[in-house]
Every structure is written in C-alpha cells, then in structure tokens.
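**Student:**
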Amino acid sequence: MSSSIHNAHFLLRRVHSLLGLLPVGAFLVFHLWENSQSRLGAAHYNEQVVGALKGMNYLPLIEITVIALPLLFHALYGLVIIRAGRAEPAQYPFLRNLLYWLQRLSGLGLILFLLLHVGLTRIAGLFDPSIADDLFAHMHGALSQPLVFALYLIGLLLAVFHLANGLATAAIAWGLTTSAEAQRQFGWVCAGFGLALALLGIHGLLGFLTASGAGASA
Numbered sequence: 001m002s003s004s005i006h007n008a009h010f011l012l013r014r015v016h017s018l019l020g021l022l023p024v025g026a027f028l029v030f031h032l033w034e035n036s037q038s039r040l041g042a043a044h045y046n047e048q049v050v051g052a053l054k055g056m057n058y059l060p061l062i063e064i065t066v067i068a069l070p071l072l073f074h075a076l077y078g079l080v081i082i083r084a085g086r087a088e089p090a091q092y093p094f095l096r097n098l099l100y101w102l103q104r105l106s107g108l109g110l111i112l113f114l115l116l117h118v119g120l121t122r123i124a125g126l127f128d129p130s131i132a133d134d135l136f137a138h139m140h141g142a143l144s145q146p147l148v149f150a151l152y153l154i155g156l157l158l159a160v161f162h163l164a165n166g167l168a169t170a171a172i173a174w175g176l177t178t179s180a181e182a183q184r185q186f187g188w189v190c191a192g193f194g195l196a197l198a199l200l201g202i203h204g205l206l207g208f209l210t211a212s213g214a215g216a217s218a
C-alpha cells in the first residue's frame with residue numbers, strides 16, 4: 001500500500017514539474033513578451049496584442065485547458081509539496097536548501113499575486129467591458145499607483161525566480177544534470193535566463209507608464 005502511494009506521489013511530482021515548464025512556464029514567457037509590446041504605445045497594444053488574442057478561435061477553451069487547469073493543478077499540488085516539506089534552512093544553511101524554500105515561498109506569493117492580477121484584469125473586465133476595449137489605459141491607471149506597481153514588480157520577480165529555479169530543479173529531477181558540476185553550470189544558465197526574463201518584464205511594466213499614448217485614455 002505504501003509503495004503504491006509513493007509511486008503515485010512520484011508520478012504526480014513529475015506531472016507537477018512538467019506542467020510548471022510546459023505550458024505554465026511557456027505561457028509566462030509569452031505573456032511577458034506580449035506585455036513588453038506596451039512600449040509601442042496604446043494603439044499597438046490594444047489592436048495588435050489584445051485584439052489579436054481576442055480574435056483567436058476557441059480562445060476561452062484554450063485558456064481553460066492550456067493555461068487555467070494546468071496552472072490550478074501546479075498551484076494546488078505545490079501546496080501539497082510545501083505541506084510535506086522537510087528541509088530546515090536554519091539548521092542546514094546550504095544554497096540548494098535555501099533555494100528549496102525560496103521556490104516554495106515564491107509559489108505562495110504567486111498564488112496571491114495571481115488573484116490580484118486576474119481580479120484586476122479578467123474579472124474586472126466582466127463587469128466593465130471598457131477594460132477589455134482599452135486594456136492599455138486600464139493598466140496605465142493601475143500601475144500609476146505606487147502600491148500596485150510595487151505589487152506587480154514583486155509578482156514579476158517571484159514568477160521569474162520560480163520559473164528559472166524550477167527549470168534548474170527540473171533538470172535535476174529528470175536526470176538531465178546528474179553531476180554537481182553540471183548542476184552548477186546549468187544553474188548559471190537558468191540564472192541568466194531569469195535575469196533576461198525579469199528585464200523583459202520590467203520593460204513591459206514601464207512601457208504602460210511611459211509609452212506614447214500612456215496618459216491619453218487614462
């Protein structure tokens with residue numbers, strides 16, 4: 001009985017890891033890239049980015065099956081992993097142990113941030129159709145508030161760290177980096193990837209505030 005439970009947990013951990021990279025991680029990269037186009041101004045963002053997505057066939061089905069459900073499983077099973085965690089960073093202050101808990105704490109923070117982000121955009125848009133019609137102006141108005149900007153910046157950094165460190169951890173779990181040297185080298189690759197992604201995300205946040213037309217519709 002215990003063996004079957006252990007095997008189920010092993011398989012669920014692998015599914016959790018895989019979904020964290022594909023499609024959830026891939027969507028994060030895409031989402032930060034599309035938001036970076038805010039630098040091109042309100043008209044471009046609303047028409048070429050938001051408009052293109054709204055024009056996709058079966059968009060609600062894609063959002064539910066490819067994004068929402070995998071993200072929900074990854075988040076919920078992540079809570080199970082946190083509850084079963086046994087690492088003690090105060091007693092064993094090793095880098096990998098520290099990253100173990102930072103990964104889980106960032107996951108908790110991301111759950112809270114996603115509630116804020118989805119509520120501010122998608123749910124608010126259900127009650128106010130003008131938000132979807134001019135999402136650029138809506139984000140400009142929201143990010144113009146220092147507290148909201150700070151929360152978005154923190155959420156961005158948590159998401160980038162969670163993905164970059166998760167990529168390094170997944171390589172270990174899937175047997176792709178078996179030696180300590182390989183793990184160290186790939187860790188630097190993941191750190192560089194995370195830094196580039198963070199800069200892309202910050203560029204997108206600032207674009208909502210500084211691009212042409214940023215204050216025209218707010």
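Heads up, the sequence shown is in this note's numbering, so the first residue is 1 and it goes up one at a time.
Every residue gets a Cβ at the ideal spot worked out from N, C-alpha and C, and that includes glycine.
S106 and A159 - do their beta-carbons sit closer together than 9 angstroms?
**Tutor:** The sequence position of residue 159 within the sequence shown is 159, counting from 1. The sequence position of residue 106 within the sequence shown is 106, counting from 1. Closer than 9 angstroms, so yes.
**Student:** Between P70 and V24, how many whole angstroms is the CB-CB distance? I'm expecting something under 8 angstroms.
**Tutor:** Numbered from its first residue, the sequence shown carries residue 70 at position 70. Numbered from its first residue, the sequence shown carries residue 24 at position 24. That belief holds up - the Cβ atoms of P70 and V24 are roughly 6 angstroms apart, short of 8 angstroms.
**Student:** Given 8 angstroms as the limit, is there contact between the stretch 112-127 and the stretch 25-45, that is, 3 or more CB pairs closer than that?
**Tutor:** Touching, no, given that fewer than three Cβ pairs across the two stretches are closer than 8 angstroms.
**Student:** So, is F94 buried or exposed, given that buried needs 16 or more other C-beta atoms within 10 angstroms?
**Tutor:** Residue numbering aside, residue 94 sits at position 94 when the sequence shown is read from its first letter. It is exposed - the Cβ of F94 has fewer than 16 other Cβ atoms within 10 Å.
**Student:** Look at the alpha carbon of M56 and the alpha carbon of H117, and state the distance between them as a whole number of angstroms.
**Tutor:** The sequence position of residue 56 within the sequence shown is 56, counting from 1. The sequence position of residue 117 within the sequence shown is 117, counting from 1. Distance between the alpha carbons of M56 and H117 is about 22 angstroms.
**Student:** Taking a contact to mean a Cβ-Cβ separation below 9 angstroms, would you say V15 touches Y77 in this structure?
**Tutor:** Residue mapping note: residue 15 aligns to position 15 of the sequence shown, counting from 1. Residue mapping note: residue 77 aligns to position 77 of the sequence shown, counting from 1. Against a cut-off of 9 angstroms, the Cβ pair of Y77 and V15 comes out as a contact.
**Student:** Given a cut-off of 9 angstroms on the beta-carbon distance, is the pair A164 and A191 in contact?
**Tutor:** Position 164 of the sequence shown, counted from the start, is the residue given in the question as residue 164. Position 191 of the sequence shown, counted from the start, is the residue given in the question as residue 191. A contact, by the Cβ cut-off of 9 angstroms.
**Student:** State buried or exposed for G20, treating a residue as buried only when at least 16 other CB atoms are found within 10 Å of its CB.
**Tutor:** By one-based count along the sequence shown, residue 20 stands at place 20. G20 is buried by the Cβ-count criterion.
**Student:** Just reading off the alpha helix (DSSP H) that I172 is part of, what are its end residues?
**Tutor:** Position 172 of the sequence shown holds residue 172. That run of the alpha helix (DSSP H) goes 146-173.
**Student:** Fully enclosed by the stretch 21-83, which alpha helix (DSSP H) runs are 4 residues long or longer?
**Tutor:** 24-36, 51-54, 59-62, 69-83
**Student:** Along the chain, where does the alpha helix (DSSP H) that runs through A180 open and close?
**Tutor:** As a working note, residue 180 is residue 180 in the sequence shown. Note, A180: alpha helix (DSSP H), 180-210.
**Student:** Return yes when the Cβ of R39 is within less than 9 angstroms of the Cβ of G141, no when it is not.
**Tutor:** For the purposes of this step, residue 141 is identified with residue 141 of the sequence shown, where counting begins at 1. For the purposes of this step, residue 39 is identified with residue 39 of the sequence shown, where counting begins at 1. No, the pair does not count as a contact, with Cβ atoms beyond the cut-off.
**Student:** When we look at the beta-carbon of G207 and count the other beta-carbons within 10 Å, is it buried (16 or more) or exposed?
**Tutor:** In the sequence shown, residue 207 corresponds to position 207, counting from 1. Per the 10 Å Cβ criterion, buried.
**Student:** Along the alpha helix (DSSP H) that carries L176, what are the first and last residues, could you check?
**Tutor:** Taking the sequence shown and counting its residues from 1, the one referred to as residue 176 is at position 176. Counting along the chain, L176 falls outside any alpha helix (DSSP H), and DSSP gives it neither H nor E.
**Student:** What is the DSSP secondary structure of A119, reduced to helix, strand or coil?
**Tutor:** Taking the first residue of the sequence shown as 1, we reach residue 119 at position 119. In the sequence as displayed, the identity of residue 119 is Gly instead of Ala. Helix.
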